[in-house]
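A quick write-up on the structure given underneath.
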Amino acid sequence: MRIGIVGAGMIGSTVAKLWVDAGHEVRIASRHPEELQPLVERLGTRASAGTPREAATFGEVVMLTVPLAAMPDVARDLAAALRGKVVLDTGNAYEKRDGQAARDAASHPQGSAGWAAAMFPAARWVKAFNTVYFKVLEREAHRDGDRVGIPLAGDDREAVETAASLVRDAGFDPVIVGGLERGKEFEPDTRPYNTGMSGRELRSMFGSPVH
Ligand SMILES: NC(=O)c1ccc[n+]([C@@H]2O[C@H](COP(=O)([O-])OP(=O)(O)OC[C@H]3O[C@@H](n4cnc5c(N)ncnc54)[C@H](OP(=O)(O)O)[C@@H]3O)[C@@H](O)[C@H]2O)c1
Numbered sequence: 022m023r024i025g026i027v028g029a030g031m032i033g034s035t036v037a038k039l040w041v042d043a044g045h046e047v048r049i050a051s052r053h054p055e056e057l058q059p060l061v062e063r064l065g066t067r068a069s070a071g072t073p074r075e076a077a078t079f080g081e082v083v084m085l086t087v088p089l090a091a092m093p094d095v096a097r098d099l100a101a102a103l104r105g106k107v108v109l110d111t112g113n114a115y116e117k118r119d120g121q122a123a124r125d126a127a128s129h130p131q132g133s134a135g136w137a138a139a140m141f142p143a144a145r146w147v148k149a150f151n152t153v154y155f156k157v158l159e160r161e162a163h164r165d166g167d168r169v170g171i172p173l174a175g176d177d178r179e180a181v182e183t184a185a186s187l188v189r190d191a192g193f194d195p196v197i198v199g200g201l202e203r204g205k206e207f208e209p210d211t212r213p214y215n216t217g218m219s220g221r222e223l224r225s226m227f228g229s230p231v232h
């Protein structure tokens, strides 16, 4: 699958490697794409670097993995390009880092993912990959036994299934929690956040059906 990743930081570059290794074509973006050359050389021939717009256009699925406070700018630049696409939102609201954006996102009735999704009309929004520290993703992908769980929330069932399949390809266990508003159950300061819980543990905590 062609995947665009907007944001080449800790999460973007880590998940890019996992997807390239799984056989996907990945275009990873920075506002300074020339600075990503060493990264794409490390990732191999299925990876390329581009601007955020190029990654958004390239991807059948697009991961947005920028600080939450950057979302309004990203929406201004990319909302049109992302109409109809599956968008994976890794964002978390941290007041210290994101200021007023974090306060607005935290008070949104559908949580921070709902706050972000509202800026991207017709994007098929899925909250994904927000709970696990990037070093855990790097270290625990494809581990034997119970895999680390990645909770997912979204209102478009087919988009959530696509996200689940990409979570599996990255080496983790997708746990479909429910509609977008249930993303509030795995934001910072919730029980599963940043614990590295397995899929089995998350399913039992959320009461999700085995998927
Ligand atoms: N770090 C983790 O372990 C972790 C785990 C789960 C979830 N998260 C969440 O995932 C999100 C990303 O976290 P991260 O730690 O990967 O961030 P990061 O390392 O700080 O990287 C963020 C990336 O966003 C890009 N960016 C910033 N402003 C932008 C804008 N206006 N337009 C386009 N790109 C912009 C930057 O790219 P350029 O400056 O190169 O353009 C940078 O590469 C955050 O909401 C974070 O809370 C992080």
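The sequence shown begins at 22 in this note's numbering and counts up by one. We put the CB at the ideal spot given by N, CA and C, even for glycine.
With respect to 7 Å, is the separation between the Cβ of residue i and the closest non-hydrogen atom of ligand 1 below this value?
i: A28; result: As written in the sequence, residue 28 is Gly, which differs from the Ala given in the question. Yes.
i: F227; result: no
i: I32; result: yes
i: H53; result: yes
i: Y214; result: no
i: G112; result: yes
i: D125; result: no
i: L109; result: no
i: P88; result: yes
i: F155; result: yes
i: D194; result: no
i: A37; result: no
i: F207; result: no
i: V95; result: yes
Look at the alpha carbon of residue i and the alpha carbon of residue j, and state the distance between them as a whole number of angstroms.
i: S225; j: D98; result: 40 Å
i: I26; j: V82; result: 9 Å
i: S34; j: A90; result: 20 Å
i: G192; j: G44; result: 13 Å
i: R67; j: V95; result: 25 Å
i: S186; j: E179; result: 11 Å
i: P88; j: L60; result: 20 Å
i: G28; j: P73; result: 8 Å
i: V198; j: G71; result: 33 Å
i: H163; j: D194; result: 9 Å
i: S69; j: L57; result: 9 Å
i: W136; j: E62; result: 35 Å
Between the options, which lies nearest to residue i when the distance is taken from Cα to Cα?
i: S219; options: R124, D190, R168; result: R168
i: L64; options: W40, T86, G135, M84; result: W40
i: S229; options: Y214, A139, E208, V196; result: V196
i: A144; options: V153, R23, M84; result: M84
i: Q121; options: E202, P93, R104; result: P93
i: M22; options: Q58, R221, T183; result: T183
i: R203; options: R118, G132, D119; result: G132
i: V188; options: P213, E161, E206; result: E161
i: T216; options: R104, L57, G105, L158; result: L158
i: T86; options: G200, A134, D210; result: A134
i: K106; options: H129, F207, P142, T211; result: P142
i: T211; options: A101, K38, A127, K117; result: A127
i: A100; options: P130, W136, S69, M140; result: M140
i: I32; options: L223, K156, P213; result: K156
i: P209; options: L223, R104, E116, K38; result: E116
i: K205; options: D165, H129, D190; result: H129
Note down, one range per segment and in chain order, each alpha helix (DSSP H) of at least 4 residues found wholly within the region 56 to 132. 58 to 64, 73 to 79, 92 to 99, 116 to 119, 121 to 127
Should the region 75 to 84 be called in touch with the region 34 to 52, which here means at least 3 C-beta pairs below 8 Å? yes
Taking 8 Å as the cut-off, does the region 174 to 190 touch the region 143 to 150 (at least 3 CB pairs, one atom from each stretch)? yes
Quick one: complete alpha helix (DSSP H) runs, 4+ long, within the region 129 to 206? 132 to 138, 155 to 161, 178 to 191
Can you find at least 3 beta carbon pairs, one from the region 102 to 112 and one from the region 53 to 72, that sit closer than 8 Å? no
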